[in-house]
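Participant: Quick one: the structure is below, and I'll ask about it shortly.
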Amino acid sequence: MVIGDRVRRQILLFSLVLIIVPMVIFPEKFGMDLAKASLVNALYELVFFGVVIHFFNRKANLLQLAQAAGVCLIYRLVLGAAFGILAAVAYSMSLKVSLTLGMSSYLPAIILHIVATPFVLKPVISQIYESQPTRRAPLPDFAPGDKADTGVTTLAVSRDMGFKPSTTPIQPEPETVEVVPTRAPAQTAKPFSNTTTAPGAANGFDMATKYIGENGSVHLAVVVDFEGLTLSQFSRGDIVAEEWAPMALIFREDNGLVLGRVGWDSPERVELSLKDQKIVVAGGDNFNLMVVAERQADDVLNIRINQGLETIKKYIADRYGENLTVRAESSYVSSTQ
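Heads up: the sequence shown runs through residues 1 to 337, numbered per my numbering.
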């Protein structure tokens, strides 16, 4: 599990605050007695952490809740130990006594640490139950140019085959359009279905986003089609992939319009540098890959992005073929025998 530099700085800052605040009020107990260390108290802490973490993400399973609660407990004990060491130095106390006070006895500090811990570690905890890549529903198993049982070619199949929608408006009663095959009737084209991917195995889109996301500076890696629909995603932290996915089209199309004024082609890659982040959008005619990462990311990230693009292109070529033989217009009208 990789933590970004900004997240580490935030956790360090909040940790210092949680250590210093109890030192200001020490040794005032506010009417509370000193507690005794016990396994029961630790179990109560784990239950509290689990409830708060479940509130953060209700889809987290029991194992993920247990892992996150354990991380919170360890962090809370580290805070208590740091407080105890600081108290021993400031008040010339026995180190053993001060550590006991900070980790299990001095309730004002312990309660503050317990309550604040899950909120301070929220960015770290979110990585334990990272969102799984969005998978598309299986498509019907038929060849390009074939007609479905109902005689209608669906929009979903057209979109998965990489066609762009026709700009001609659909009439209420469209004329019958005959699909002209480019191969001999006896030949069969490569099927466009998900049967090439074994159940539970990652497809090319998921492999690319997961590989790019392994770089700790990446906040988001998402593959979208030409309509802005998510094909696969990897997100870290609070970023929502569905809110960013349509922006990939905007970045490339707007830059393409600007370059078109001087007769240049649309850009294959767009890179934006912000104050703390950078955005990279690249792809082909039928897909876009967008990566949101920290600005100080090293050159290894660019290598991962390029390899991710090659993975996607190879997956599309292997699965759908180099040439698509069905006219896009036939996806939007009915065809009859």
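C-beta atoms are modelled at their ideal positions from N, C-alpha and C, and glycine is treated no differently.
1. Buried or exposed for Pro27, going by 16 or more other Cβ atoms inside 10 Å?
2. Would DSSP call Gln67 helix, strand or coil?
3. Can you give the Cα-Cα distance for Tyr315 and Asn203, rounded to whole angstroms?
4. Would you call Val218 buried or exposed, if buried means 16 or more other Cβ atoms sit within 10 Å of its Cβ?
5. I'd like the span of the alpha helix (DSSP H) that includes Lys103, first residue to last.
6. Is Ile53 near the ligand FMN, going by C-beta to nearest heavy atom under 8 Å?
7. Kindly indicate which residue of Cys72, Met93 and Ala221 has the alpha-carbon position closest to the one of Glu294.
8. I'd like to check one pair, Tyr91 with Lys29: are the Cβ atoms closer than 9 Å?
9. Are the Cβ atoms of Leu121 and Ile212 separated by less than 9 Å?
10. So, helix, strand or coil for Val7, using DSSP?
11. Taking the beta carbon of Ser38 as the centre, do at least 16 other beta carbons fall within 10 Å, making it buried, or is it exposed?
12. Would you decide whether Gly102 is buried or exposed? Buried here means 16 or more other CB atoms lie within 10 Å of its CB.
13. Leaving out five residues on either side along the sequence, give the residues of the same chain with a beta carbon under 6 Å from the beta carbon of Ser15.
14. Fully enclosed by the region 246-303, which beta strand (DSSP E) runs are 3 residues long or longer?
15. Can you round the beta-carbon distance between Pro22 and Ala109 to whole angstroms, since I take them to be within the 8 Å contact cut?
16. With a threshold of 16 other CB atoms inside 10 Å of the CB of Ile317, please say whether the residue is buried or exposed.
17. Identify whether Ala60 lies in helix, strand or coil by the three-state DSSP scheme.
18. Give the DSSP-derived three-state secondary structure of Leu12 in the structure shown.
19. Confirm, please, whether the CB-CB distance from Val291 to Val281 is below 9 Å.
20. Drop a sphere of 10 angstroms on the beta-carbon of Ile25, count the other beta-carbons inside from all chains shown, and report buried for 16 or more, exposed for fewer.
21. Buried or exposed: Arg58, going by 16 or more other Cβ atoms within 10 Å of its Cβ?
22. So, under 8 Å CB-CB, Leu289 and Ile279 are touching, yes? Tell me the CB distance rounded to an integer number of Å.
23. To the nearest angstrom, report how far apart Phe287 and Ala82 are at their CA atoms.
Facilitator: Quick answer:
1. Exposed: under 16 other Cβ atoms inside 10 Å.
2. Reduced to three states, the DSSP call for Gln67 is helix.
3. Straight across, the Cα-Cα distance linking Tyr315 with Asn203 is about 8 Å.
4. Buried is the label assigned to Val218, since at least 16 other Cβ atoms lie within 10 Å of its Cβ.
5. First, the residue type needs correcting, since residue 103 is Met and not Lys in the sequence shown. For Met103, there is no enclosing alpha helix (DSSP H), as DSSP marks it with neither H nor E.
6. Summarising the ligand content, the structure contains no ligands, and the ligand FMN is consequently not present.
7. Nearest C-alpha to Glu294: Ala221.
8. No.
9. Inclusion of Leu121 and Ile212 in the CB contact set at 9 Å is not warranted, their separation being larger than that value.
10. If DSSP states are grouped into helix, strand and coil, Val7 belongs with the helices.
11. Classification of Ser38: exposed, given that the 10 Å Cβ count is below 16.
12. Result: buried.
13. Cβ within range, chain order: n/a, list empty.
14. 269-273, 277-283 and 287-294, all fully within the region 246-303.
15. About 4 Å; that satisfies the 8 Å criterion.
16. As written in the sequence, residue 317 is Ala, which differs from the Ile given in the question. By the C-beta density criterion, Ala317 is exposed, having fewer than 16 other C-beta atoms within 10 angstroms.
17. The answer is coil: DSSP assigns Ala60 none of H, G, I, E or B.
18. DSSP places Leu12 in helix when its eight states are reduced to three.
19. Yes, the Cβ-Cβ distance between Val281 and Val291 is below 9 Å.
20. Looking at its Cβ environment, which holds fewer than 16 other Cβ atoms inside 10 Å, Ile25 is exposed.
21. By the Cβ-count criterion, Arg58 is exposed, with fewer than 16 other Cβ atoms from all chains shown falling within 10 Å of its own Cβ.
22. Between Leu289 and Ile279, the beta carbon gap of about 11 Å keeps them out of contact (Cβ cut-off 8 Å).
23. Roughly 51 Å separates the two Cα atoms.
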